[in-house]
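Start counting the sequence shown at 4; every next residue gets the next number (our numbering).
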Amino acid sequence: MSKTGAWIMELQEQFEDKVADIIKESENVAEAYATAVKLNNDNHYVSWDNMEIECLVDDMWSEVWSKYQ
């Protein structure tokens, strides 16, 4: 993999790690959406649109909170 490709994947992993933390700290999924979108807008981790970020949050939200059901 090229250095650029590896760098992009590293940024995506960092973003996903931060989103996991956001989910654990959020009161509800809407708060997690807003915080994750703002994080990406401020720091440009991934070149995804807001809907893609919301899909990631949905998937991760279900995964994190399913452990407590």
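Just so it is clear, CB atoms sit at the ideal spot from N, CA and C, and this is done for glycine as well. Just so we're clear, the structure is a prediction, and the values are computed from it rather than from any experiment.
Please report the straight-line C-alpha distance between residue i and residue j, rounded to a whole angstrom.
| i | j | result |
| --- | --- | --- |
| V32 | F18 | 17 angstroms |
| K6 | L14 | 12 angstroms |
| W51 | Q72 | 30 angstroms |
| M63 | K27 | 10 angstroms |
| L59 | K70 | 18 angstroms |
| D61 | M12 | 20 angstroms |
Could you say which of the options lies nearest to residue i if we only look at CA atoms?
| i | options | result |
| --- | --- | --- |
| I56 | E66, K6, N43, K70 | N43 |
On the CB-based measure, 16 or more other CB atoms within 10 Å of its CB, does residue i come out buried or exposed?
| i | result |
| --- | --- |
| W10 | exposed |
| W68 | exposed |
| M54 | exposed |
Among the residues of its own chain, which have a CB less than 7 angstroms from the CB of residue i, if the five just before and after it don't count?
| i | result |
| --- | --- |
| K21 | L42 |
| T38 | I25, S29 |
| V40 | N53, I56 |
| V49 | L14, Q15, F18, N43 |
| E66 | none |
Can you give me the Cβ contacts of residue i inside the same chain, cut-off strictly under 6 angstroms, excluding the 5 residues immediately before and after it?
| i | result |
| --- | --- |
| N46 | none |
Sorted by chain position, which residues of the same chain lie with C-beta nearer than 8 angstroms to residue i's C-beta, five sequence neighbours on each side aside?
| i | result |
| --- | --- |
| A35 | V22, I25, I26, S29, V60, W64 |
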